[in-house]
Amino acid sequence: MEELSLHILDILQNSVEAKADFIQLKIVEDIEKDILSIKIKDNGSGMDNEEASKACSPFYSTRKTRKIGMGLPLLQANAEACGGYLRLTSKKKEGTCVFALFRRSHWDTPPLGNIASSICTFLAWNEPVHLVYTHVVNKKTFTLDTREIIEKIDPLPINTPSILVWIKDYINSGLKDLKKGR
Amino acid sequence: MKSLDELQKIKEEALSEINLRENNDKKIKLVVGMGTCGIASGAREVLDAVLDEIAKRKLKDVTVTQTGCIGLCAQEPLMEVWESDGSKVMYGNLDGKKARQIVAQHVVNGIPVSEWIIN
Numbered sequence: 003m004e005e006l007s008l009h010i011l012d013i014l015q016n017s018v019e020a021k022a023d024f025i026q027l028k029i030v031e032d033i034e035k036d037i038l039s040i041k042i043k044d045n046g047s048g049m050d051n052e053e054a055s056k057a058c059s060p061f062y063s064t065r066k067t068r069k070i071g072m073g074l075p076l077l078q079a080n081a082e083a084c085g086g087y088l089r090l091t092s093k094k095k096e097g098t099c100v101f102a103l104f105r106r107s108h109w110d111t112p113p114l115g116n117i118a119s120s121i122c123t124f125l126a127w128n129e130p131v132h133l134v135y136t137h138v139v140n141k142k143t144f145t146l147d148t149r150e151i152i153e154k155i156d157p158l159p160i161n162t163p164s165i166l167v168w169i170k171d172y173i174n175s176g177l178k179d180l181k182k183g184r
Numbered sequence: 007m008k009s010l011d012e013l014q015k016i017k018e019e020a021l022s023e024i025n026l027r028e029n030n031d032k033k034i035k036l037v038v039g040m041g042t043c044g045i046a047s048g049a050r051e052v053l054d055a056v057l058d059e060i061a062k063r064k065l066k067d068v069t070v071t072q073t074g075c076i077g078l079c080a081q082e083p084l085m086e087v088w089e090s091d092g093s094k095v096m097y098g099n100l101d102g103k104k105a106r107q108i109v110a111q112h113v114v115n116g117i118p119v120s121e122w123i124i125n
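Chains as they are written, first to last, in my numbering: chain B, 3 to 184; chain C, 7 to 125.
Written out as structure tokens, the structure reads:
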């Protein structure tokens, strides 16, 4: 994938397919420590040790249509090619946590890309799922909690197009503030 | 910095337009394939374009949603258009520009864009 935000969108889908209804996404950019990390933690069905150990193989998938699943293996390969790693922790019935670390300055580290677009795309999913998105740039933080938005727009669903377009602008302006004065 | 309070206005606008069309049962559903295959070939841009077009045209009887891998990975990005009578048309090899045209021609005017339909 050309952007890390596309990987993020992909891994978020895994969480929904695992029946999660609460997902935490945390992105940390730290110039001093030279890291860019992505953590996605859900309360989905989780995996036992055996499943978790296979999840990063492209020849494993829980899907019935075919036996190949590329999401996690692609992210892992990408992180490892950029001086980082991927760590997967999961517990049956409790949820899964995917943590990927990239060296920010590595030649091959892809740009973060359009995070706002990934999140809006994700929220267009028809299942009700809460997402808390935290983005830290050099210790400054931006947070988006979909529960706060849902409360404000009730009874409209969050995947109302005009709401999603607003959320996209909201994230973009929040991230712009974060990166100001670097 | 934008404030969450801005949502109030958008909500009121959206709700008033829904009320106007309450007895309009012509609802269309757009479904974009968002498996790893879809994402890698540009499905996010398709969904982005569709949302933007619908918000811009203030279409209120259209819902947009997404699904996992549909199984036609070679023709991603894919989008299905579901009519209110349950019939469905599937488009393939899309991009943002084609998606906008589908909204304009198929969703608004009811004429499917036959050259991009796949079976």
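Beta carbons: idealized from backbone N, C-alpha and C, even for Gly.
Asked, Found
"When B/Lys56, B/Ile29, B/Asn140 are compared against B/Gly115, the one with the closest alpha-carbon", "B/Ile29"
"Cβ-Cβ distance between C/Ala46 and C/Met40 below 8 Å", "no"
"Within chain E, partners of C/Leu13 - CB distance below 8 Å", "In the structure shown, chain E does not exist; the protein chains are B and C."
"Within-8 Å CB hit, B/Glu19 to chain C", "yes"
"N-terminal and C-terminal residue of the alpha helix (DSSP H) that B/Lys95 is part of", "That residue, B/Lys95, is in no alpha helix (DSSP H); it is neither H nor E in DSSP."
"Closer than 9 Å at the beta carbon, the chain C residues around B/Thr123", "Val38, Met40, Ile45, Ala49, Arg50, Leu53, Asp54, Leu57, Gln72"
"Sufficient close CB pairs (3 or more, under 8 Å) joining the segment 121–130 of chain B to the segment 158–175 of chain B", "yes"
"Nearest to B/Ser63 (by Cα), restricted to the options C/Asn125, C/Ile117, C/Cys75", "C/Cys75"
"Cα-Cα separation between B/Pro157 and B/Thr143, rounded to whole angstroms", "29 Å"
"Among B/Tyr135, B/Gly176, B/Glu52, nearest to B/Lys43 - alpha-carbon criterion", "B/Tyr135"
"Supposed close pair B/Ala57, B/Leu74 - CB separation, criterion 8 Å", "5 Å"
"Rounded distance between the beta-carbons of B/Ile40 and B/Ile117, thought under 8 Å", "About 10 Å; that fails the 8 Å criterion."
"Neighbourhood of C/Pro118 by C-beta, 7 Å cutoff - its chain only, sequence neighbours within 5 removed", "Val95, His112"
"Any chain B beta carbon closer than 8 Å to C/Met7", "yes"
"Per-residue burial, C/Tyr97 [other beta carbons within 10 Å of its own, 16 or more giving buried]", "buried"
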